[in-house]
Each structure stands twice: as structure tokens, then as C-alpha cells.
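Here the structure is laid out as C-alpha cells; the discussion comes afterwards.
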Amino acid sequence: ARNAEGRVVLYADKLTDSIKQALDETERRRKKQQQYNQEHNITPKTVKKAISNTLLTMTQTEDDKPLPAPIARDRLENIDKEIKRLTKEMKAYAADLEFEKAMKCRDDIKRLEQARLSLE
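Letter by letter, the sequence shown follows residues 51 to 170 in our numbering.
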């Protein structure tokens with residue numbers, strides 16, 4: 051699920067053990083995938099879709115809930131709590147590789163930050 055022309059640029063002053071381990075693990079996984087593909091006659095190819103369709107699909111999820119209407123000044127402190135909660139939730143989703151849900155949290159955080167700025 052990666053772009054065939056994708057590249058990674060790694061900046062480092064020296065090749066540490068952890069960098070070497072990461073590179074070795076990547077190479078091991080690549081070989082394993084190539085072997086599997088060869089055994090099952092699979093030719094990997096890049097998915098080509100219109101970007102706008104992909105982004106639209108990713109940003110519209112079933113559990114999209116609009117944020118409440120304008121937030122009252124007395125609830126300003128609640129905004130900070132909600133931002134912290136959403137940030138924690140976003141990181142958990144990202145750790146679980148649920149990037150669409152993480153994006154939704156990120157967008158909600160941005161809207162809450164805008165609301166907070168308008169109230170200050």
C-alpha cells in the first residue's frame with residue numbers, strides 16, 4: 051500500500067545500532083513479501099485513484115459528528131479538556147493504525163482551537 055516511486059531520506063551523523071536494526075528489519079520484511087508474491091504469482095502495483103475522491107472518502111466517516119454550536123465563554127476551560135481528550139484519542143488511533151479516525155480527531159481539535167481563539 052505504498053507508492054512505487056516512494057523514497058525515504060534518513061538524516062543521521064552516524065549509523066547507530068537502532069538505525070541498522072530498523073534497516074535490517076525493513077529488508078527482511080521486503081524479502082519475505084517478495085518471496086510470498088513470487089510463490090503466489092502476485093505482481094504488486096501502485097493503486098491509482100483520483101486524490102479528491104480518496105480524500106473525500108477518508109474525511110467522511112460513519113461516526114462523523116458535528117461539533118456543538120458556538121461554545122459559551124463559561125465553557126472555555128472545557129475546550130482545553132476536550133482538546134486534551136481528543137489528542138489522547140488521536141494518538142491512540144494513530145498507534146492502532148486507524149488513520150481515518152485519527153484525522154477526524156485532528157480536525158475536531160482544530161475546530162475547537164479555532165473556537166477557543168474566538169472566545170479569548
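Just so you know, even glycine gets a beta-carbon here, dropped at the ideal spot from N, CA and C.
{"query": "Same chain, Cβ closer than 6 Å to Tyr86, neighbours up to 5 away in sequence not counted", "result": "none"}
{"query": "Simplified DSSP state of Arg135, which is helix, strand or coil", "result": "helix"}
{"query": "Of the residues Lys138, Arg166, Asp157, the one placed nearest Ile129, counting alpha carbons only", "result": "Arg166"}
{"query": "Pair within 8 Å by beta-carbon distance, Tyr143 and Lys134", "result": "no"}
{"query": "For Gly56, the nearest candidate out of Asp63, Val97, Gln83 (CA to CA)", "result": "Val97"}
{"query": "Limits of the unbroken alpha helix (DSSP H) element including Ala62", "result": "No alpha helix (DSSP H) contains Ala62, which DSSP labels as neither H nor E."}
{"query": "Cβ-Cβ distance between Ile159 and Leu126 below 8 Å", "result": "no"}
{"query": "Heavy atom of the ligand PLP within 7 Å of Tyr86 beta-carbon", "result": "As presented, the structure is devoid of all ligands, the ligand PLP included, so that no description of it is given."}
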